Structure formats: C-alpha cells, structure tokens
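There are 2 protein chains.
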Amino acid sequence: MKEFKVKVEVRLKPVVLDPQGKSVLSALANLGFEEVRDARVGKLIELRIRDGSAESVRNRVDEMCRKLLSNPVIEDFVVNIEE
Amino acid sequence: MKEFKVKVEVRLKPVVLDPQGKSVLSALANLGFEEVRDARVGKLIELRIRDGSAESVRNRVDEMCRKLLSNPVIEDFVVNIEE
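The structure is reproduced here in structure tokens:
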C-alpha cells in the first residue's frame, strides 16, 4: 500500500454558461482589471488515497468523479496522480 | 499585445478546517471509496488576459488574487501562465 496525492480539476464544459465566471469578470473590470477577457470558475479537489497502484487509483478516481465529484452532464474532469 | 491563458489555483491554507472537504470525504466513504484518507476542496479560476508580457500578467494576476480571487487570511494561491 502506498499513499497517493490526487488532484482533480473539475471544469464546466466550454458550451455551458458560467454565471460565477461572469461575476468574477465584471468584478475584475470594476476593480480596473480591464485586460481580462474571460473568466471561468471550476473546482480543485485534492485527495490523499491509500492504494496498491497508480492504475487502480486512476480507475477508482474516475469512478468517484462520475458518481460524486463532477456532474458529467455539464462538467469535464482531469485527474493528476502523484506518488 | 498577446493573449495569455492563466490558471489560478486557490486552496485553503493547510491549518484551516475545510468542512466542504470533510463532506466530500464522508460522501466518498458512504459510496464505498474507503481508501480516501483526506479530501480538500479549492477553486480553479481560469482567465484569458490580453497584455504585453508574461511578467506584467503575473504582477496583475497576483494583485487580482490579493484583492478579489482569494481571501489571503485563509487561502493560498498559485498562478500558472501560458502564452
């Protein structure tokens, strides 16, 4: 058993409207940051996992993303694993 | 003027309790993912910025993080810039 650090990035799919991103964009413009053309807000989920192998971790984390961590209808996810 | 893609990762500082992470951890355990030892939830903010240089982008984004994108009292941020 080893301990893995896993970073999951969850983003809205590019075709999905992002009202939180639009709020950030307009707040930045109000503060004078007018060079910002677009802003999107996603989630960063960091897990510590004890498991036998990186492949097993990848399969399990994919399943976690599909079942709980992301909404596959509107979000994409990317998984990075570090030993 | 070039366009830069900037990725900002905002995390709670390690000493700060993360109730959202604790909820994720217990929901994962309830779904049978008992190998997960810890979960922390942060934000992933992606910006498109038009600016003259990567240094200028870095300075401006640091300022955005301090003023709006993060709460420096309880959060840390990491900025990645791609041209």
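Sequence order for the protein chains is A and B.
Mapping to this note's numbering: the first sequence position 44 is 44, numbers consecutive.
Positions in the second sequence are counted from 1; adding 83 to them yields this note's numbering.
Virtual Cβ for every residue (Gly too), placed ideally from N, Cα, C.
All values reported here derive from a predicted model rather than from experimental measurement.
{"Asked": "Can you tell me the Cα-Cα spacing of Glu63(A) and Arg11(A), whole angstroms?", "Found": "17 angstroms"}
{"Asked": "Phe77(A) CB to nearest chain B CB: under 8 angstroms?", "Found": "no"}
{"Asked": "Whole angstroms are fine: how far does the CA of Glu34(A) sit from the CA of Glu118(B)?", "Found": "45 angstroms"}
{"Asked": "Tell me the rounded alpha-carbon separation between Val61(A) and Glu158(B).", "Found": "25 angstroms"}
{"Asked": "Taking its Cβ as the centre, do 16 or more other Cβ atoms sit within 10 Å of Gly32(A), making it buried, or is it exposed?", "Found": "exposed"}
{"Asked": "In the DSSP assignment, what are the bridge partners of Arg66(A)?", "Found": "DSSP output for Arg66(A) lists no bridge partner at all."}
{"Asked": "How far does the alpha helix (DSSP H) with Gly21(A) in it extend, from its first residue to its last?", "Found": "19 to 30"}
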